[in-house]
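Engineer: Count along the sequence shown starting at 1, add 4, and that's the number in the numbering used here. Just so it is clear, CB atoms sit at the ideal spot from N, CA and C, and this is done for glycine as well.
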Amino acid sequence: MTRVLKSYLSGTFVAGTGRAAKLYDPARGTVVAETSTEGLDIAGALDYARDVGGPALRELTFAQRGELLSAMASALHEYRDELLDLARLNGGNTRGDAKFDIDGCTGTLAFYGKLGGTLGDRTFFVDGESEQLARNPRYIGQHIRVPRHGVAVHINAFNFPGWGFGEKAAVALLAGMPVLCKPGTSTSLVTARMFEILAAADVLPKGAVSLLCGSAGSLLDHLGPQDAVAFTGSSGTGAMIRGRANLLAAGVPVNVEADSLNSAVLGPDVDDESETFDMFVRETARDMWQKAGQKCTAIRRIYVPRESLDDVREALIGEIQRNLVGDPGLKQVRVGPVATAQQHRDVKEGIQTLAKEGRFVYGDGGPGTLEGEGLENGYFVGPTLLEVDGPGPGAVHDLEVFGPVQTLIPYDGTAAEAIPSVARGKGSLVSSVYTDDKNFARDMILGLAPYNGRLHLGGRKVADHSPGPGTVLPQMVHGGPGRAGGGEELGGVRGLHFYMQRTAVQGLKPLIERIAGV
Ligand code: NAP
5 MTRVLKSYLS
15 GTFVAGTGRA
25 AKLYDPARGT
35 VVAETSTEGL
45 DIAGALDYAR
55 DVGGPALREL
65 TFAQRGELLS
75 AMASALHEYR
85 DELLDLARLN
95 GGNTRGDAKF
105 DIDGCTGTLA
115 FYGKLGGTLG
125 DRTFFVDGES
135 EQLARNPRYI
145 GQHIRVPRHG
155 VAVHINAFNF
165 PGWGFGEKAA
175 VALLAGMPVL
185 CKPGTSTSLV
195 TARMFEILAA
205 ADVLPKGAVS
215 LLCGSAGSLL
225 DHLGPQDAVA
235 FTGSSGTGAM
245 IRGRANLLAA
255 GVPVNVEADS
265 LNSAVLGPDV
275 DDESETFDMF
285 VRETARDMWQ
295 KAGQKCTAIR
305 RIYVPRESLD
315 DVREALIGEI
325 QRNLVGDPGL
335 KQVRVGPVAT
345 AQQHRDVKEG
355 IQTLAKEGRF
365 VYGDGGPGTL
375 EGEGLENGYF
385 VGPTLLEVDG
395 PGPGAVHDLE
405 VFGPVQTLIP
415 YDGTAAEAIP
425 SVARGKGSLV
435 SSVYTDDKNF
445 ARDMILGLAP
455 YNGRLHLGGR
465 KVADHSPGPG
475 TVLPQMVHGG
485 PGRAGGGEEL
495 GGVRGLHFYM
505 QRTAVQGLKP
515 LIERIAGV
């Protein structure tokens with residue numbers, strides 16, 4: 005019997021009625037679950053979160069909210085193996101890919117749990133020093149940041165059903181806002197199970213978290229001025245949400261994390277015998293096979309000095325060939341299927357568009373030879389490496405093909421040529437520069453910074469310590485300008501600010517100091 009996923013609204017698990025969306029095992033094309041949000045009382049659930057969850061969270065100190073996050077992390081971690089299996093079943097994740105998502109979720113919750121402990125016994129922030137505002141020193145101004153009194157609505161992409169939920173929820177809950185999570189429907193099995201685990205563990209105040217498992221329905225119609233929306237997904241959906249009249253009219257803050265054509269640039273100083281070269285090849289190739297290339301941070305554009313192109317091409321092909329494609333349940337398989345039939349069509353079509361302006365140097369968008377049985381109906385795309393003639397304009401800078409696809413771009417080895425070409429991506433989440441030349445590093449970092457949310461510097465001395473550019477660490481901001489959505493998440497305590505109102509308070513010094521507790 006097909007598993008029916010439920011939403012968790014107003015403290016109760018409820019199933020929608022009507023026509024359900026089907027969730028698939030992408031390795032086999034078989035249905036594994038279904039879900040619907042039709043007929044659910046979404047407006048009522050938002051009110052419940054505002055009226056019950058909000059006050060309960062705001063009453064807690066940062067340290068106490070942090071304890072909730074640590075308890076969430078522990079509760080979910082107990083079911084790690086089951087969650088890893090579900091990520092394979094409904095996301096096509098290899099065990100390594102599934103760990104990236106599930107451990108990424110619990111790790112981020114645990115990080116913010118600890119951070120809460122360091123923020124101590126306060127329920128709001130005092131922002132900066134007070135200012136004397138008149139000749140009389142007893143008249144001052146002080147900024148404070150307090151949790152918003154609405155719901156943090158989190159709309160996530162299909163590629164990280166675990167991490168997407170955890171990374172957003174951790175930050176909002178620590179700030180003191182209740183959360184309503186709407187995962188990408190196609191892979192929501194993991195998120196739905198996480199909510200069952202959390203509800204059974206009973207670690208959160210009532211109304212602190214809600215789940216809308218399936219289509220968003222009327223969700224955004226019911227939001228008001230104290231709510232906040234954090235969205236992750238495609239630029240198109242992000243732009244539509246950002247432009248919604250009711251959200252604009254009510255001044256609802258909307259954070260958008262969207263597409264990104266991330267780059268890796270090899271410096272002209274790096275020879276193919278060096279540790280820096282190996283690091284560059286290793287980290288670039290990882291973004292091809294990990295999550296079958298379905299990471300928003302994955303390197304899509306690989307810039308290589310012309311004289312190093314043959315070496316890099318050969319080394320990358322060597323790395324790619326070692327990664328077998330097929331049944332993600334098999335130990336030897338590194339590249340699973342892409343997540344949905346639609347993704348499969350989009351990726352194959354995108355590869356053909358890129359190929360019109362370049363040539364294939366490995367793969368051709370077909371599945372290649374698959375490891376495993378019964379995979380005929382699976383959504384497989386073999387790793388595909390393309391090459392263009394140079395760093396000039398073209399589809400490679402405009403089209404995000406969200407799969408195991410990368411393009412080699414030769415350049416003349418100067419920052420002056422690389423920077424404007426990377427900038428053609430119109431804003432990225434992350435770019436990487438691999439060099440041991442301090443001047444090249446400086447020119448590239450300062451030149452690329454306006455176009456990127458994060459920059460990753462590879463070099464000989466960090467070759468053994470780096471998780472690679474594709475790993476989003478909760479200490480650092482995640483987001484990027486322009487096409488990447490213009491948003492910002494995480495970044496330690498910085499992430500909390502989105503869920504809090506900064507208010508300037510003016511008045512009598514001793515009174516304000518008493519209120520602020522300084
Ligand atoms: P998507 O189609 O834009 O969907 C994203 C989310 O928006 C899903 O939960 C989707 O729900 C929801 N949605 C769609 N229409 C909506 C509407 N009218 N109102 C409210 N919600 C709506 O994107 P995707 O295919 O899931 O994700 C792939 C994209 O996400 C890629 O472009 C990737 O680069 C980007 N991404 C970015 C980041 C980042 O941090 N910047 C991270 C991961 C992925 P349904 O599933 O129910 O349609």
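1) If you measure from the CB of Asn527, is any heavy atom of the ligand NAP nearer than 7 Å?
2) Name the DSSP bridge partner or partners of Ala467?
3) Please indicate yes or no: does the CB of Ile46 lie closer than 7 Å to some heavy atom of the ligand NAP?
4) Between the beta-carbon of Gly457 and the beta-carbon of Val437, is there less than 8 Å?
5) How many angstroms separate the CA atom of Ala420 from the CA atom of Asp101?
6) What residue range is occupied by the uninterrupted alpha helix (DSSP H) comprising Ser78?
7) Could you check what DSSP says for Glu200 in three-state terms: helix, strand or coil?
8) Once DSSP output is grouped into helix, strand and coil, what is the label at Asn94?
9) Taking only the alpha-carbon atoms, compute the straight-line gap between Gly429 and Asn266 and give it to the nearest angstrom.
10) Find the nearest neighbour of Val466 within the set Ser222, Ala75, Lys210 and Phe284, judged by alpha-carbon distance.
11) Excluding the 5 residues flanking Val213 on each side, which residues of the same chain have their C-beta closer than 6 Å to its C-beta?
12) Along the chain, which unbroken stretches of the beta strand (DSSP E) at least 3 residues long are found entirely within the stretch 483-512?
13) Rounding to the nearest angstrom, what Cα-Cα distance links Arg84 and Glu492 in this structure?
14) If I follow the unbroken beta strand (DSSP E) through Cys185, where does it start and stop?
15) Taking the C-alpha atoms as reference points, what is the distance between Arg54 and Ala114?
16) Looking at the structure shown, is Lys360 part of a helix, part of a strand, or coil, going by DSSP?
17) From this set, Pro151, Trp167, Ala427 and Ala173, which residue's C-alpha is nearest His158's C-alpha?
18) Identify which residue in Leu193, Pro165 and Asp131 has its Cα closest to the Cα of Glu517.
19) Any idea if Ser222 is buried or exposed, counting beta-carbon neighbours within 10 angstroms, 16 or more meaning buried?
20) Cutting at 6 Å between CB atoms, please list the residues of its own chain near Phe129, excluding the five before and the five after it.
21) Between which two residues does the beta strand (DSSP E) holding Ala234 run?
22) Which value, in whole angstroms, describes the spacing of the CA atoms of Ala523 and Ser264?
23) For Gln469, count the other beta carbons within 10 Å of its own beta carbon; 16 or more makes it buried, fewer makes it exposed. Which is it?
24) In whole angstroms, give me the CA-to-CA distance for Asp206 and Arg338.
25) Leaving out five residues on either side along the sequence, give the residues of the same chain with a beta carbon under 8 Å from the beta carbon of Leu524.
26) Are Ala375 and Val329 touching if we call contact CB-CB under 8 Å?
27) Tell me where the beta strand (DSSP E) around Pro387 begins and ends.
28) As a quick exercise: from Gly166, Lys118 and Leu137, pick the residue whose alpha carbon is nearest that of Ala196.
29) Secondary structure at His226, three-state DSSP: helix, strand or coil?
30) Just list the beta strand (DSSP E) runs in the stretch 146-191, keeping only unbroken ones of 3 residues or longer that don't cross its boundaries, in chain order.
31) Could you check if Ile245 belongs to the surroundings of the ligand NAP, using beta carbon to heavy atom distance under 7 Å?
32) From the DSSP output, read off the bridge partner residues of Val258.
33) Report the rounded CA-to-CA distance for Lys118 versus Arg126, giving the unit in angstroms.
34) CB of Ala196 to nearest heavy atom of the ligand NAP: below 7 Å?
35) Check whether the Cβ of Glu353 lies closer than 7 Å to any heavy atom of the ligand NAP, and answer yes or no.
36) Going by the C-beta, is Ser219 closer than 7 Å to any heavy atom of the ligand NAP?
Structural biologist: Checking against the coordinates, here is how it stands:
1) An answer regarding residue 527 cannot be provided, because it is not within the stretch 5 to 522 covered by the chain.
2) In the DSSP output, where bridge partners are listed per residue, Ala467 has none listed.
3) no
4) no
5) One C-alpha to the other measures close to 37 Å.
6) Phe66 to Glu82
7) Three-state result, Glu200: helix.
8) helix
9) 8 Å
10) Phe284
11) Val183
12) 504-512
13) 28 Å
14) That run of the beta strand (DSSP E) goes Val183 to Lys186.
15) Here the alpha carbons of Ala114 and Arg54 stand approximately 25 Å from one another.
16) Coil at Lys360, not helix or strand.
17) Ala173
18) Among Leu193, Pro165 and Asp131, the Cα nearest to that of Glu517 belongs to Asp131.
19) Flag for Ser222 reads exposed.
20) Excluding its 5 nearest sequence neighbours in each direction, Phe129 has C-beta neighbours in its own chain below 6 Å: Arg149, listed in chain order.
21) Ala232 to Thr236
22) Because the chain in this structure spans residues 5 to 522, residue 523 falls outside the shown range and cannot be described.
23) The question names Gln, yet the displayed sequence has His at residue 469. Answer is exposed; the Cβ neighbour count stays below 16.
24) 36 Å
25) Residue 524 lies beyond the residue range present for the chain, which begins at 5 and ends at 522; the question has no answer from this structure.
26) Sequence check: residue 375 is Glu here, not Ala. Yes.
27) Per DSSP, Pro387 belongs to no beta strand (DSSP E) and is neither H nor E.
28) Gly166
29) In the structure shown, His226 sits in a helix (DSSP, three-state: H, G or I).
30) 156-159 and 183-186
31) yes
32) Paired residue(s): Val233.
33) 15 Å
34) no
35) no
36) yes
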